[in-house]
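Colleague: Input: one structure, supplied below.
This is the structure:
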């Protein structure tokens, strides 16, 4: 059983749509990370959060510690948002280790 | 700041050959780590280090060695390459203390034939 689960695994949307990507985890964490990977590209850190909500431009990340669930929202989606979005749980034991979900492939069509 | 510099970007090895993947960061991060990324699987931790002189195994350490002689550098060595090590490898670094994001290198696509 994966310790970090993401849903859906794939999502296709039309430009302008509001998108939600979900992440559930079963381990105790010190923080939850959202990462973005474009096709053939490197990995970029979008958010690190341990409680509440963070916003950066059109991206919003939320976390519910009690329910062990996090969501990444994209408002007014654009084709350049097409990428794989990866959720990762940071170990609570102080080792800084990350446990990764398998990622969600988002395609935004114009 | 260059961030995390990872070299080479591409490499083809023959089975049994050895090589070193280089990783360097200029952010004075204490934590550095190596991951492999395979189709259909999430990133998996190979080895990590919480500071110079300190390394530890991750989830999939077999066939790989690391060392951390300086804060900046964290090379990954493949001792005797096998086709199962064909993958994309990422190096990452982070500050410690639970309040720092991760910075990833651009990745190395390794093919072992």
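Residue numbers (our numbering), protein chains in the order written: chain A, 7 to 116; chain B, 230 to 342. Just so it is clear, CB atoms sit at the ideal spot from N, CA and C, and this is done for glycine as well.
#1: Going straight from the alpha carbon of residue 62 of chain A to that of residue 53 of chain A, what length do you get?
#2: Please indicate yes or no: does the CB of residue 296 of chain B lie closer than 7 angstroms to some heavy atom of the ligand GDP?
#3: Chain B partners of residue 108 of chain A, CB-CB under 8 angstroms?
#4: Measuring alpha carbon to alpha carbon, tell me which of B:257, B:253 and B:269 ends up nearest residue 263 of chain B.
#5: At a CB-CB cut-off below 8 angstroms, which residues of chain B make contact with residue 103 of chain A?
#6: Specify the secondary structure class of residue 56 of chain A as computed by DSSP and reduced to three states.
#7: Give the secondary structure of residue 255 of chain B by DSSP, where H, G and I count as helix, E and B as strand, and everything else as coil.
#8: Any contact between the stretch 93–110 of chain A and the stretch 301–312 of chain B? By contact I mean 3 or more CB pairs, one from each, below 8 angstroms.
#9: Count the other CB atoms, across all protein chains shown, that sit within 10 Å of the CB of residue 44 of chain A; report buried if there are 16 or more and exposed otherwise.
#10: Is there a C-beta anywhere in chain A that falls below 8 angstroms from the one on residue 296 of chain B?
#11: Give me the residue from B:315, B:333 and B:330 with the minimum Cα distance to residue 242 of chain B.
#12: Applying the 10 Å Cβ sphere with the 16-neighbour rule, what's the burial state of residue 231 of chain B?
#13: With a threshold of 8 angstroms between beta carbons, is residue 27 of chain A in contact with chain B?
#14: Can you tell me where the beta strand (DSSP E) with residue 32 of chain A in it begins and where it stops?
#15: For the 8 angstroms Cβ check, are there 3 or more pairs between the stretch 74–81 of chain A and the stretch 27–35 of chain A?
#16: Strictly under 8 angstroms for the Cβ-Cβ distance: is residue 332 of chain B near chain E by that measure?
#17: Is the beta carbon of residue 55 of chain A less than 8 angstroms from the beta carbon of residue 82 of chain A?
#18: Grab me the residues of residue 286 of chain B's own chain with a C-beta within less than 7 angstroms of its C-beta, minus the 5 sequence neighbours each way, in chain order.
#19: Quickly, what does DSSP pair residue 86 of chain A with across the bridge? List them, please.
#20: Thinking residue 96 of chain A and residue 25 of chain A are a contact (beta carbons under 8 angstroms), I'd like their distance in whole angstroms, please.
Modeller: Let me lay it out:
#1: What you label residue 62 of chain A is simply residue 56 of the first chain in a count that begins at 1. What you label residue 53 of chain A is simply residue 47 of the first chain in a count that begins at 1. Their Cα atoms are separated by approximately 9 angstroms.
#2: You won't find the ligand GDP in this model; it holds no ligand whatsoever.
#3: As a working mapping, residue 108 of chain A is identified with position 102 in the first chain. Here the neighbours are 269, 270 and 271.
#4: Numbered from its first residue, the second chain carries residue 263 of chain B at position 34. Closest option to residue 263 of chain B, Cα to Cα, is B:253.
#5: Within the first chain, numbered from 1, the residue matching residue 103 of chain A stands at position 97. In chain order: 262, 274, 277 and 287.
#6: In the first chain, residue 56 of chain A corresponds to position 50, counting from 1. Note: residue 56 of chain A maps to coil in three-state DSSP.
#7: Reading the second chain from its first residue, position 26 is the one you call residue 255 of chain B. Coil.
#8: No: fewer than three Cβ pairs fall under 8 angstroms.
#9: The count along the first chain starts at 1 and reaches residue 44 of chain A at position 38. That one is exposed.
#10: Here residue 296 of chain B refers to the residue found at position 67 of the second chain. With 8 angstroms as the cut-off, residue 296 of chain B does not count as an interface residue toward chain A.
#11: Position 13 of the second chain, counted from the start, is the residue given in the question as residue 242 of chain B. Closest by alpha carbon: B:315.
#12: Indexing the second chain from 1 puts residue 231 of chain B at position 2. Counting every other CB atom within 10 Å of its CB across the protein chains shown gives residue 231 of chain B a total below 16, marking it as exposed.
#13: Along the first chain, read from residue 1 onward, the residue named residue 27 of chain A stands at position 21. Judged by the 8 angstroms Cβ criterion, residue 27 of chain A is not in contact with chain B.
#14: Taking the first chain and counting its residues from 1, the one referred to as residue 32 of chain A is at position 26. Counting along the chain, residue 32 of chain A falls outside any beta strand (DSSP E), and DSSP gives it neither H nor E.
#15: Yes: at least three Cβ pairs fall under 8 angstroms.
#16: Although the question refers to chain E, the structure presented lacks it and instead comprises the protein chains A and B.
#17: In the first chain, counting from the first residue as 1, residue 55 of chain A sits at position 49. In the first chain, counting from the first residue as 1, residue 82 of chain A sits at position 76. At a Cβ-Cβ threshold of 8 angstroms, residue 55 of chain A and residue 82 of chain A do not count as neighbours.
#18: Along the second chain, one-based indexing puts residue 286 of chain B at 57. Closer than 7 angstroms at the Cβ level, and outside the excluded window around residue 286 of chain B, lie 276.
#19: The residue given as residue 86 of chain A occupies position 80 in the first chain. Paired residues: none, contrary to the question.
#20: Within the first chain, numbered from 1, the residue matching residue 96 of chain A stands at position 90. Within the first chain, numbered from 1, the residue matching residue 25 of chain A stands at position 19. With a contact defined as Cβ atoms closer than 8 angstroms, residue 96 of chain A and residue 25 of chain A miss out at about 24 angstroms.
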